[in-house]
Every structure is written in C-alpha cells, then in structure tokens.
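Notes follow once the structure below has been shown.
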Ligand SMILES: Cc1ncc(COP(=O)(O)O)c(C=O)c1O
C-alpha cells in the first residue's frame, strides 16, 4: 500500500498516462468492440448516481423506481408485457442468472446451446454444476434444430437460443426451438447484442417475448443501448420465478430489491440506461441502427471491390470477411492502430460497426487492408 497520499494533480497525471496507453473509441479505429462511447447524457446520469447501491435498495427507492421503468421499457421493446428483471453487470451475469433461475425451478441440469453461444454459458454451467450440450450449426450459422431435438430428454433444464451471435450476428430460429420445448423446460434467448439492434431493423426474424415459450432474455444497454458499463438487462417472463434465487439478508432493507448474483449493484448504470433510452427514444435508436447498418453495407461494398466475400450477408452491424491468414492481417492492422478481431467459426476477419465507426474509419481500415492482401 502507498504510505502517503499525493496531490490530485499527480493522480490525474498518472491516470492520464495509463489512459493514453488504452485504445479509445473517439478516433474510430476500434472496430472490434461490442461497446461504444456512451451518450453524453448517459455519462452525466452515471456520475450523478455514482454513490448509490442497488444492492441495498431500501436506501434508494428513487433509483429502484428508475430500474423498474427501464425494465418495463426494455420488456416492451422485446414485445413482452409485465416483464420482470433487473440491470446487472452485463450479459454474462444476466445469462448466468437466467440459468440459475431455470435450474432452481426445474431441478434439472441439462442445458442445450449452440456452438455459437457466448462463453458466458460455459461459465454458467461450470458455476451452477450444469451439464452443457453444445449443438453444431447449420449452413446459415444458426443452431441445428434437428440436433437439438435429438438431445432433448427428461434431464432437460433449458434450451438457449442466440439473437445476435457474438462472432457473426446470426439469429437462431427461436420459434423452432420453442416448438420443440418440453412443457416444463426453459427457453432463454441471449440478445445481449441483438436486443438493441433487432427491434429497430425491419423484417428482423422473430426472436423475443412475442413467442410465448420464451422464458427469459438478456439484452445489454452497455452494447448498442448507448449506456455506460456495467449495464446488462435480465428480463424474466414471470416475476415469481426470481424468488427461486432469493437469499435472505436480514441486515439490509430488502423490500423491492432484485435477487441477483451481485451484492452491490451499480445504480449509475441504471441511471445511464434510463438516460440513454429516454434521450434516444425509439426514433433515435432506429436512426442509430440504420446508420450502423448503412456503414456495414458500405464496408461490405468495399470488401467486394477487393474481392473479399463475407461469411454471411450481415443481419446486424457485424461483418466477417474471408481473408487469407486473418490472424496475420489482424496483427498487421494492429501495428497501424486498427483494432479488428478474428472470428473462429469460420475463421475470418471480424468488424463490428458500432456507432463510433464512421465511413472514414472504413475507408482507413480498407486502405490498410488492401495493402496487406
Ligand atoms: C451474445 C452475447 N452474450 C453475452 C455476452 C457477454 O456480455 P458481457 O461481456 O457484457 O458480460 C456477449 C458479449 O459480447 C455477447 O456477445
């Protein structure tokens, strides 16, 4: 531990030094992240609520009310009514909590999910001592429904479908999963990324609470929702289900409190989510997503001019391209300050076209890419 405190100016200088080594969204060169620069109003809201802790909700009835409103709005956006849930630390915690609820209610342990699922489901199965069954994908990179059917048995706790896969932005056939679901099993839809994209895209496949069998969903305001980190929404169809993970904490005033994996919970993220959603409204998100999709289309055009083909036509603002030796290209781009990622299934160069990625960013990265081909 440092023996003596130092002046703020020294601290700020040290923080600046650290921050200057980080990549920042503002120069448009980070094309690998599923997060983006939050709206200014979201950052302001975050600072205003910096000290309040929803893990001790009795002290923060105002913030608790904001959280209820935010969950109600996200639930409606996902075509649910009277949806329960809360703002957790992100998609990982929301996915773990969804399976925790499903396991406690069903008393069963088998979880079926696609190979494309986020690694948070492996964490969940590990922590919850559940059996994970990973199913292969179809030619269109969605979960193979016939394989799912073969895996269903009496031990089934839950099936997981993904609405916006991390690597490709593919959307599983949630209706087909619903059609297979045994009566007492759960259907969780991970829309951590897609939850703030698909509702604003015309002709998006059906993936949400409009399908009656969907039990719970994850949707992250800290990704395309333009809120601050850490904000991941867990949405649950039946309010009573959450009681199954409830633990007593007699020293706290628990009334109205969400039962969650975290103890202390960020009210700042709740306020920021409220601010972002209130500020943009549906129209704002429609415009934001349209711009991201337009730029994704622009990037695809540029790729084709270079003779590069996409793994799939982008459904969302994620573009994966077949390139020779993607890892090598990623490394070379990184030397020039461009951060792109590499998808594994199939191996390809992955660009995530978030709101901080402009046409100029695309021109810049493709100019470098052309030189490397
Ligand atoms: C589909 C999906 N689910 C879950 C997660 C995990 O979210 P977080 O990193 O907020 O925990 C991600 C993260 O990229 C994701 O893409």
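Residue numbers (this note's numbering): 51 to 423.
Here a beta-carbon is modelled for each residue, glycine too, at the ideal position from N, C-alpha and C.
Alpha carbon of residue i to alpha carbon of residue j, nearest angstrom
i, j, result
"residue 278", "residue 259", "25 Å"
"residue 117", "residue 78", "32 Å"
"residue 109", "residue 102", "8 Å"
"residue 255", "residue 202", "24 Å"
"residue 337", "residue 51", "49 Å"
"residue 376", "residue 345", "22 Å"
"residue 184", "residue 264", "19 Å"
"residue 268", "residue 419", "35 Å"
"residue 132", "residue 285", "10 Å"
"residue 136", "residue 357", "46 Å"
"residue 388", "residue 307", "43 Å"
"residue 170", "residue 141", "8 Å"
"residue 253", "residue 111", "39 Å"
"residue 200", "residue 227", "12 Å"
"residue 422", "residue 404", "24 Å"
"residue 86", "residue 359", "26 Å"
"residue 314", "residue 295", "16 Å"
"residue 339", "residue 208", "31 Å"
"residue 266", "residue 64", "43 Å"
"residue 210", "residue 188", "16 Å"
"residue 319", "residue 225", "32 Å"
"residue 88", "residue 204", "45 Å"
"residue 230", "residue 236", "11 Å"
"residue 417", "residue 383", "10 Å"
"residue 115", "residue 244", "26 Å"
"residue 75", "residue 378", "23 Å"
Option nearest residue i by Cα separation, candidates the options
i, options, result
"residue 130", "282, 232, 289 and 247", "289"
"residue 164", "216, 178 and 65", "216"
"residue 273", "335, 225, 227 and 261", "335"
"residue 402", "391, 410 and 409", "391"
"residue 257", "292, 194, 212 and 236", "212"
"residue 270", "242, 360, 276 and 287", "242"
"residue 80", "423, 421, 406 and 413", "406"
"residue 323", "71, 369, 97 and 82", "97"
"residue 316", "374, 139 and 246", "139"
"residue 275", "251, 207, 225 and 124", "124"
"residue 126", "210, 104, 332 and 89", "332"
"residue 145", "204, 58 and 311", "311"
"residue 234", "182, 151 and 386", "151"
"residue 206", "149, 76 and 64", "149"
"residue 353", "413, 385 and 70", "413"
"residue 398", "372, 382 and 176", "372"
"residue 325", "113, 143 and 204", "113"
"residue 361", "93, 395, 380 and 381", "395"
"residue 297", "75, 105 and 186", "105"
"residue 154", "173, 178 and 162", "178"
"residue 301", "71, 53, 54 and 107", "107"
"residue 411", "364, 393 and 349", "349"
Buried versus exposed, by CB contacts within 10 Å (16 or more), residue i
i, result
"residue 68", "exposed"
"residue 56", "exposed"
"residue 160", "buried"
"residue 62", "exposed"
"residue 299", "exposed"
"residue 59", "exposed"
"residue 238", "buried"
"residue 73", "exposed"
"residue 386", "exposed"
"residue 293", "exposed"
First and last residue of the uninterrupted alpha helix (DSSP H) at residue i
i, result
"residue 97", "90 to 98"
"residue 258", "Looking at the DSSP string, residue 258 is not in any alpha helix (DSSP H), and its letter there is neither H nor E."
"residue 171", "170 to 177"
"residue 240", "It is not in any alpha helix (DSSP H) - residue 240 instead sits in the beta strand (DSSP E) that spans 236 to 240."
"residue 65", "58 to 71"
"residue 247", "Note, residue 247: premise wrong, no alpha helix (DSSP H); not H, not E."
"residue 192", "Looking at the DSSP string, residue 192 is not in any alpha helix (DSSP H), and its letter there is neither H nor E."
"residue 408", "Neither: residue 408 is in no alpha helix (DSSP H) and is coded neither H nor E."
"residue 227", "224 to 230"
Distance between beta carbons of residue j and residue i, contact taken as under 8 Å
i, j, result
"residue 128", "residue 249", "7 Å"
"residue 120", "residue 327", "7 Å"
"residue 370", "residue 218", "6 Å"
"residue 329", "residue 100", "Actually they are not in contact, since the Cβ atoms of residue 329 and residue 100 sit about 19 Å apart, beyond 8 Å."
"residue 195", "residue 223", "6 Å"
"residue 368", "residue 409", "Not quite, the Cβ-Cβ distance comes to about 17 Å (not below 8 Å), so this is no contact."
"residue 220", "residue 190", "7 Å"
Residue range of the unbroken beta strand (DSSP E) whose run includes residue i
i, result
"residue 211", "206 to 212"
"residue 391", "391 to 394"
"residue 164", "160 to 164"
"residue 181", "181 to 185"
"residue 270", "Residue 270 -> no beta strand (DSSP E), and no H or E assigned at all."
"residue 368", "368 to 371"
"residue 402", "397 to 402"
"residue 134", "134 to 138"
"residue 114", "Note, residue 114: premise wrong, no beta strand (DSSP E); alpha helix (DSSP H) at 111 to 127."
"residue 286", "282 to 286"
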